[in-house]
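Under the working numbering, think of the first position of the sequence shown as 7, with each following residue one higher.
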Amino acid sequence: MTRKLLEPFTKDEVYQINQASLEIMERAGVWYEREEALKILEKAGAEVSYKTKIAKLPESLVKDALKHVPGKFRLAGRERKHDFVVGEDKSYWGMMGGPLIVDLETGKVRETTKKDVAEWAKFADALDDVWFITPPMARDVNPMVSAEHEFEAMVNNSSKFLEQNLYSGSGARNVFEMASVVMGGDEELTKNPLIFGAGCAVSPLQHCGIALDVWSELASRGLPCLVATEAIIGATGPITIAGSLAVANADVLSGITLLELITPGIPVAYSIGLSHVMDMKKAEALCGCPERVFAIAANAQLGRFYGVPTWVGVATDSKLPDAQAGYEMALSALYTTMTGNHMVMGIGSSLASRGVSYEEALIDWEIMRMVSRIAKGTEVSEETLGVDLICEIGPGGNFIATEHTLKHYKKEIQDAVITDRSSVWIWEKEGRKDMAQRAREMAKKILREHEPTPLPKDVQERLSEIVKRAEKESLKMSSSTS
């Protein structure tokens, strides 16, 4: 059943945003930190200043690049049951990452560690309909090789697709090598991408060396890439929502254009869906406010306009798994799904999107399940209408014990996992637990009992060797520059 999409922007409004972005890229231009990127763009017809590092992209160049982007692509887990296709009529949800965590035992906020990365992956591995994992940051390891440590911790604890943090070109190379070892070689990894090249523009209209290096390393090896931006309405973009959407769209299109020049036909995910809104009173970039849903909707609609798969991030401005977190995540999740976005990162976002929480993750997961049920819709047919059954039961009858109920119950009505649907008397008897308490208990149970599919010992050893080698290379680099 095809979901019925919400489209708050008209076709003409989407076209106007597109035209504004094309004009911005051609008149203002885009800053690319790496000279190699400028050379590629200049050769393709862009007007380039090597002094300012700004390339002005003609409309024809951008449009030609978009023609090469596939309308869908597959991402893989290390077990085939976790593979999924981005660009189909479904939203695939994944875990949020960050540098902070609400400790499950103490309830205190602290920096994340490599152990947290491993446990977050194990936790996500246990949750049905969670398709990918963005890791917390391993803040207790050498930051020059944190990507390698994070990948090692994740891949040992989950068989799902890994939305790896990549902080450098060398980190991207090493993680590619590690993923290749896991998947059985470079060719197998390219056919079954366990990772992709995620890079984020520095809005407005800038592409830093880190993202450019990651894209260069992984696009040239045939892996799908993500081009995102975190434009801030009222700060890095105009206070008018339409103006900021035009800037954000230019951020992303200018990245996609470069990627398609590096490797024509490379699969790309489009994202202006990380855009924020500046709170002028608090001086905070918000992600749970109502205005942000326009960026979420525009992400989906512009993606369809270009024929490019989409990726979006949802989060809350709350610091606790409270009512604010609940309504902000529910509204964002519903809008994200019903506008037709494809990949959605956000399960477990907490601490005003600066960290993660196990309790929040399970609440978000329940919200995601409910939203997915709404998007699925309901079938209207001769079988589901059941007119013959209704007439047979007649006035005052009961349908509980019928074969029709037994046949359709699980399909029609979704069970709750941590949502409390018991009577008030049973709730009282079971300790009057609130949602956060139930989520905390379930999270501890998952971490205590879940056993992810282990990697073969020789693969584990090879990954450890690559991490150790990266550590040594990092120390040599540090000593040579000191």
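All residues carry an ideal CB built from backbone N, CA and C; glycine is no exception.
Terminal residues of the continuous beta strand (DSSP E) containing residue i?
| i | result |
| --- | --- |
| A445 | Premise fails: A445 lies in the alpha helix (DSSP H), M441 to E455, not in any beta strand (DSSP E). |
| H282 | H282 to D285 |
| L81 | F79 to L81 |
| E53 | E53 to S55 |
| T235 | C231 to T235 |
| G203 | G203 to A207 |
| Y173 | Run containing Y173: none; DSSP gives neither H nor E here. |
| S226 | Element bounds for S226: n/a, residue is neither H nor E. |
| V36 | V36 to Y38 |
| A43 | Where A43 is concerned, there is no enclosing beta strand (DSSP E), although the alpha helix (DSSP H) it sits in stretches over E41 to K49. |
| L292 | E290 to L292 |
Who are residue i's beta bridge partners in DSSP?
| i | result |
| --- | --- |
| M349 | Y98 and W317 |
| V362 | I107 and S355 |
| R116 | I107 |
| L25 | This sequence places Gln at residue 25; Leu is not what is there. BP columns for Q25 are empty, so no partner. |
| V91 | R80 |
| P64 | According to DSSP, P64 bridges with nothing at all. |
| F138 | G100 and F167 |
| L277 | Rather than Leu, the amino acid found at residue 277 in this sequence is Ser. S277 is bridged to A234. |
| Q493 | Residue 493 lies beyond the stretch modelled for the chain, which goes from 7 to 488, so this question has no answer here. |
| I239 | G243 and V283 |
| H213 | Y38 |
Work out the CA separation of residue j and residue i for me, nearest whole Å.
| i | j | result |
| --- | --- | --- |
| L469 | M184 | 6 Å |
| R40 | R145 | 28 Å |
| L195 | E388 | 46 Å |
| L11 | L211 | 30 Å |
| P64 | F300 | 27 Å |
| V91 | I60 | 35 Å |
| C214 | S174 | 11 Å |
| R116 | I380 | 36 Å |
| V54 | A252 | 22 Å |
| L110 | E365 | 8 Å |
| E158 | W126 | 13 Å |
| S324 | L67 | 42 Å |
| K114 | L47 | 48 Å |
| I432 | K451 | 22 Å |
| F405 | Y333 | 35 Å |
| D89 | L81 | 6 Å |
| D95 | A254 | 24 Å |
| T263 | Y21 | 18 Å |
| G437 | E385 | 39 Å |
| R298 | W137 | 24 Å |
| S363 | A329 | 15 Å |
| L256 | G51 | Contrary to the premise, residue 256 reads as Ala rather than Leu in this sequence. Using only the alpha carbons, I get a separation of about 17 Å. |
| V465 | S378 | 36 Å |
| G36 | I268 | According to the sequence shown, residue 36 is Val rather than Gly. Each residue's alpha carbon lies about 17 Å from the other. |
| E418 | K382 | 10 Å |
| D426 | V161 | 34 Å |
Using C-beta distances below 6 Å, list every residue in its chain close to residue i, excluding the 5 sequence neighbours before and after it, in chain order.
| i | result |
| --- | --- |
| L172 | A153, A178 and V220 |
| A303 | P14 and T345 |
| W317 | L232, A275, S277 and M349 |
| G294 | T322, D323 and E334 |
| K435 | none |
| Y98 | F90, W137 and M349 |
| S176 | none |
| L133 | W371 |
| S359 | C293 and A321 |
Sorted by chain position, which residues of the same chain lie with C-beta nearer than 7 Å to residue i's C-beta, five sequence neighbours on each side aside?
| i | result |
| --- | --- |
| P458 | K128, D131, N163, S164 and S165 |
| K463 | none |
| E236 | C206, S209, L280, S281 and H282 |
| G93 | G77, K78, F79, P315 and H348 |
| L218 | Y38, E39, R40 and A43 |
| G249 | G243 |
| F311 | V20 and N24 |
What are the boundary residues of the alpha helix (DSSP H) that includes residue i?
| i | result |
| --- | --- |
| G383 | Careful: G383 lies outside any alpha helix (DSSP H) and carries neither H nor E. |
| A303 | R298 to Y312 |
| L340 | A329 to M344 |
| A153 | S152 to V161 |
| C397 | V393 to I399 |
| I268 | I247 to I268 |
| H410 | E409 to E418 |
| T196 | D192 to K197 |
| V430 | V430 to K435 |
Please list, in chain order, all residues of the same chain as residue i whose beta carbon is under 8 Å from its beta carbon, the five residues on each side excluded.
| i | result |
| --- | --- |
| S480 | N148, M150 and V151 |
contact_flag[the segment 261–279, the segment 231–238] where n(CB pairs < 8 Å) is 3 or more: yes
Contact between the segment 370–384 and the segment 300–309 (3+ Cβ pairs under 8 Å): no
The segment 444–459 / the segment 333–344 touching (three or more Cβ pairs under 8 Å): no
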